[in-house]
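Reminder that position 140 of the sequence shown reads as 148 in our numbering, one-by-one numbering, no gaps. Glycine included, each C-beta is placed from N, C-alpha and C at the ideal position. Nothing here was measured: the structure is a model prediction, and the numbers come from that model. See structure below.
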Amino acid sequence: MKFTQTTLKVGELATGQELNVPVYRLLAQDLSAPSVFIQANVHGAEVQGNAVIFQLMKQLEAMDVKGEVTLLPLANPLGINQKSGEFTLGRFDPITGVNWNREYLDHKVDVASWYQAHSHLDDRALIQAYRSLLIESCQSHLNSEWGVTTGKRLAVTLQSMAHAADIVIDLHTGPKSCKHMYCPEYDAASASYFSIPFTLVIPNDFGGAMDEAAFCPWWQLSEYAQSQGRALDVPISAFTLELASQERIDMDDALNDAQGILAYLSHRGVIDDRVEPARMPRFGCYLKDYKKFHAPTAGMVEYKAELGKPLAAGETLANILRLDLYGTDKELTALSLQQDCVPILHFASASVYQGTELYKVMTNLFEL
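Written as structure tokens, this is what we have:
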């Protein structure tokens, strides 16, 4: 079965040209199988997800696919084309300064009132009604008489598509990063299928990202239904996969990550083919234990800690070079932390202001 290709309009340039994104789709062969939405490259420099989508397409076209699969690479044409010299700057909307991945809509559903009005429905009808509510909320926001910002139009257009799916996967990378993923606490067991060594287990708090936009409304509904004595599992699964570092394409590595996604889709019954997850150690930590380390002083940074490798308390994380302080005890300063951790990512540049978010590290890890 071959993918069909269409385009999705996500905005317009000042000169009138439309901003269009390619959309690839395999239609469902079994309406009872879960549907899937996967997007990549919402941040301009985070291109590896496009390679993963390419490898997924090659694999899926040779498989027995049951559920509908929608793949959306190159999701942010404005960010992708936001270049300065050899660098891609497309992390923030250049007009508003807002992170492209923090523009998704918080529906603020009055879950209690909505549930009381629809509690007579069986689970299947309840889920369909709630899904329709979320999609209609997106469309209403996009059609507001007051208009929406460029970034909000892009994000909510993508979100509307994501709400139609049962499984949502958003592909990103870090600046300089090892592979890790974000997984909601209620679905933490699913992390064992992906080819990702580190997992951040996140709570039911909406921070503006796509995965949260997809699962938070459903988690809220599930929790309220349970408070009313009704067992309703969260019917949506949503994850963010961080595929190592930005400004990088590695086709072999993309195939490895595609295999991890296929293992999860196989587990969920989206594909009939059996794909086993990679045998590898996997570790997690709760989001509250994912710590940011900010540069205590400005300077030139030698990043010493290896990403994805345990760092014992007191070991050197980085050195800061200050040539303006040559000959003093501050000419070269070693930085360390007072607790064990695993460094996950660090700032891309070797020159930093004081206060720059230098590293992100996982603490209090546990085995998945």
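Handout entry: Given TYR32 as reference, the closest of TYR201, LEU39, THR12, GLN47 once Cα atoms are compared
Key = THR12
Exercise for the section: Give the secondary structure of ASN28 by DSSP, where H, G and I count as helix, E and B as strand, and everything else as coil. Expected result: strand
Exercise for the section: Taking 8 angstroms as the cut-off, decide whether the C-beta atoms of ILE177 and ILE269 are in contact. Expected result: yes
Handout entry: Completely contained beta strand (DSSP E) runs for the segment 122-210, where each covers 3 or more residues
Key = 175-182, 188-192, 206-210
Exercise for the section: May I have the straight-line CA-CA distance separating HIS51 from GLU26, to the nearest angstrom? Expected result: 19 angstroms
Handout entry: Coarse secondary structure for LYS5, derived from DSSP in three states
Key = No information on residue 5 is available, as it lies outside the stretch 9 to 376 that the chain covers here.
Problem - Separation of ARG110 from ALA246, as counted between CA atoms - result: 16 angstroms
Problem - Cβ-heavy atom distance, SER230 to the ligand NAP, below 7 angstroms - result: Among the components modelled here there is no ligand, and therefore nothing to report on the ligand NAP.
Problem - Cβ pair count under 8 angstroms reaching 3, the segment 45-62 against the segment 78-92 - result: yes
Problem - Contact between the segment 245-264 and the segment 179-194 (3+ Cβ pairs under 8 angstroms) - result: yes
Exercise for the section: Just the C-alpha distance for VAL242 and VAL209, rounded to the nearest angstrom, thanks. Expected result: 16 angstroms
Practice task
Report the rounded CA-to-CA distance for SER145 versus GLN362, giving the unit in angstroms.
Solution key: 42 angstroms
Problem - Presumed contact (8 angstroms Cβ cut-off) between PHE206 and CYS186, rounded CB distance - result: 7 angstroms
Handout entry: ALA53 and SER43 closer than 8 angstroms at C-beta
Key = no
Practice task
Given a cut-off of 8 angstroms, decide if LEU325 and LEU340 are closer than it, judged by their beta-carbon atoms.
Solution key: no
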